[in-house]
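For the sequence shown, my numbering gives the first residue as -13, with consecutive numbering after it. Idealized CB from N, CA, C, for every residue including glycine.
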Amino acid sequence: MSTPWVGEVLVRRGVVAPERLADCVAVARERGADLLDVLLATHALDERTLLGALAAEVGVPVLAQIAVEQVPAGLADAVPIAFARQHRLVPIGERDGVLCVAIANPLATAPLDDLRAMLGRPIAAVAAPGDVIDQAINRLYERKDEAALSEARAGEDQADELRDLIDVTDEAPVIRWVNNLFYTAVKERASDIHIEPTEREVVVRYRIDGRLYPRKTAHRGFLPSIVSRVKIEAGLNIAEKRLPQDGRITKKIAGKVVDVRVSTIPTARGERIVMRLLDKEQVLLDLPELGFDPEQLRQIEHLITRPDGILLVTGPTGSGKTTTLYACLNKINHPDINILTVEDPVEYELRGISQMQVQPKIGLTFAAGLRAFLRQDPDVIMVGEIRDRETAEIAIHASLTGHLVLSTLHTNDAPSAATRLAEMGVQPFLMASSLLAVLAQRLVRRLCPHCRVPYRPTPEDVRALGLDPSAPALAAACFHRPAGCERCAGVGYRGRIGIFELMIVDDAVRRGILDGVDATSLMRIAQQRGMRTLREDGARQVLAGHTSVEEVLAATQGGEIG
-13 MSTPWVGEVL VRRGVVAPER LADCVAVARE RGADLLDVLL ATHALDERTL LGALAAEVGV
47 PVLAQIAVEQ VPAGLADAVP IAFARQHRLV PIGERDGVLC VAIANPLATA PLDDLRAMLG
107 RPIAAVAAPG DVIDQAINRL YERKDEAALS EARAGEDQAD ELRDLIDVTD EAPVIRWVNN
167 LFYTAVKERA SDIHIEPTER EVVVRYRIDG RLYPRKTAHR GFLPSIVSRV KIEAGLNIAE
227 KRLPQDGRIT KKIAGKVVDV RVSTIPTARG ERIVMRLLDK EQVLLDLPEL GFDPEQLRQI
287 EHLITRPDGI LLVTGPTGSG KTTTLYACLN KINHPDINIL TVEDPVEYEL RGISQMQVQP
347 KIGLTFAAGL RAFLRQDPDV IMVGEIRDRE TAEIAIHASL TGHLVLSTLH TNDAPSAATR
407 LAEMGVQPFL MASSLLAVLA QRLVRRLCPH CRVPYRPTPE DVRALGLDPS APALAAACFH
467 RPAGCERCAG VGYRGRIGIF ELMIVDDAVR RGILDGVDAT SLMRIAQQRG MRTLREDGAR
527 QVLAGHTSVE EVLAATQGGE IG
């Protein structure tokens, strides 16, 4: 936790305004959060500026990086990993009997005093950014645990029956190895952890910004121990290895409460695990941060203040539909509005909004939840997904009786939503009278602003985006490509941004729906009315320098009609 005078130090050193500090203090008290975390999460200042101010206050040097390879391996034994992570500090060297420790908050003297008392030796402190310390902790203790795992495995007959974790007496390294998976995943902003058995080893891959990256390996002999450890934490049956299982883990990692959904399946080489990570304390994105242009944003903000009607968000799994709906609800969430949601599952908890999770095993489906909501005097209803005719018809009925309904649908583009609903058996006149708009979207990776490389596009690049190379506006156009640097882990991208296709259901589109025209014809009508396609909106993001041509083409391949 931050020391009480941190705010005073930051104001005195001129890195944060008193008014902004007061707002952050109020938020920290309301949430029971650390003031430094709130200052960084609300972008009141960046971590480097914060660290510089705190280090200058106590007169300690600041390290930009920590060379873990040069840290003596024995230092990991001196400081318990739980203590290191709790206080965000790591031993980095020793000289003349003095242990040098890097710490993220140089004003936090209490943990340094505890360390002096614990070790009975003098401590010298230096400051380092929190992410640098997190990475150093992971690498330092991971090196220690891998050595312990290798030592434990040495001498065993590879043909012997492998032991489950419950039978392993030297289980601490396995537990720390698994815990480190979560810690590293949170640090690297991973959405999923894949643990996959191969013929000779266990491979761990993280999904970051929609792409999978290999990150760790372990000897195949430790697969049963790793699987059993995850199953124990998720409350699963460790003896059942033949059937798929699902469970949940709630962990507190680096001060964040993370909800982990665990799925195991049997494969020919052993059990495979995928874990989805959801940060329950994640700051919800505002609508302007999603990537809308000013006109799209104006239209969306108008639509979500309508008293009734249906707004559909479409796209494949993982395209950010739920994030967009949450941002919409966050925008209109006021004490005088009753907002209810039925989801599968409830991904993030929204203050002031009643959220229900479907339970199909006991008959609580989307349709059943939606039907019950109509007796709860709602103003706005969010339905996680329209999957069948019953849910669609109840949602339409709700919209026609004075409720605003937000929901998602799985289609490639906005005009196909009408075709999809028709396939479910919804009558065209019901769609035409209830639909306000359909928003199709995709996520593209955002170019790292620190290493992106500008270049003059070729005519082929311009044509691939559906633009005219001879257009005067493109004469001096500048595109960007990824390069890779330390801040983006050499990938060239960091974070994602949305590209959108917003079809407003006006009179012309409504007539097309009533006439039962196909998706291609409806697309042409919508484009004549000013709708920009996904690829055209992607071209806007490329011209703005936010993403690359390759990202837009990959996200919209097969998604364009006509």
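Taking C-beta atoms as the reference points, A171 and I179 count as a pair closer than 7 Å. Cα atoms of R197 and F168: separation of roughly 18 Å, rounded to the nearest angstrom. Its Cα nearest to that of D523, the residue E281 stands out among E281, E80, P252.
Beta-bridge analysis with DSSP links E80 to L85. Contact between the region 311 to 321 and the region 330 to 349 is present: 3 or more CB-CB pairs across the two stretches fall below 8 Å.
Note on the region 325 to 412: whole beta strand (DSSP E) runs with a minimum of 3 residues are 325 to 329, 340 to 343, 366 to 369, 390 to 395, in chain order. Around the C-beta of P331, fewer than 16 other C-beta atoms lie within 10 Å, and the residue is accordingly described as exposed. P108 sits in coil when the DSSP states are folded into three classes, being neither helix nor strand.
The C-beta separation of S534 from L433 comes to about 6 Å, placing the pair in contact by the 8 Å criterion.
Within a 10 Å sphere around the beta-carbon of T184 sit fewer than 16 other beta-carbons, which makes this residue exposed. Restricted to the region 167 to 201, not a single alpha helix (DSSP H) segment is unbroken, complete and at least 4 residues in length. At a Cβ-Cβ threshold of 7 Å, L360 and A381 do not count as neighbours. Annotation note: the region 222 to 261 contains the following uninterrupted beta strand (DSSP E) runs of length 3 or greater, listed N- to C-terminal: 231 to 239, 242 to 253. Cβ contact annotation for E446 (same chain, cutoff 6 Å, sequence separation greater than five): none.
Pairing P230 with R186, the inter-Cα distance amounts to about 23 Å. Segment contact: the region 85 to 96 against the region 111 to 128, three or more CB-CB distances shorter than 8 Å; contact assigned. A straight-line Cα-Cα distance of about 10 Å links F465 and Q527. Minimum Cα-Cα distance from S249 among the listed residues L273, A220, Y441, G277 corresponds to A220.
Our two residues, D32 and N124, have alpha carbons roughly 23 Å apart in a direct line. Cβ-Cβ distances below 6 Å link V2 to L(-4), A30, L31 in the same chain, with the five nearest sequence neighbours on each side left out; the list follows chain order. Annotation: the region 277 to 323 contains the following complete segments of the beta strand (DSSP E) (minimum length 3 residues), in chain order: 295 to 300. Taking I67 as the centre and dropping the five residues before and after it, the same chain places the C-beta of I123, Y127, R162 closer than 8 Å to its C-beta, in chain order. A residue is called buried when at least 16 other Cβ atoms come within 10 angstroms of its Cβ; R473 does not meet this threshold and is exposed. CA-CA distance, A42 to L209, rounds to 48 Å.
DSSP places M417 within a helical segment (H, G or I) once states are collapsed to three.
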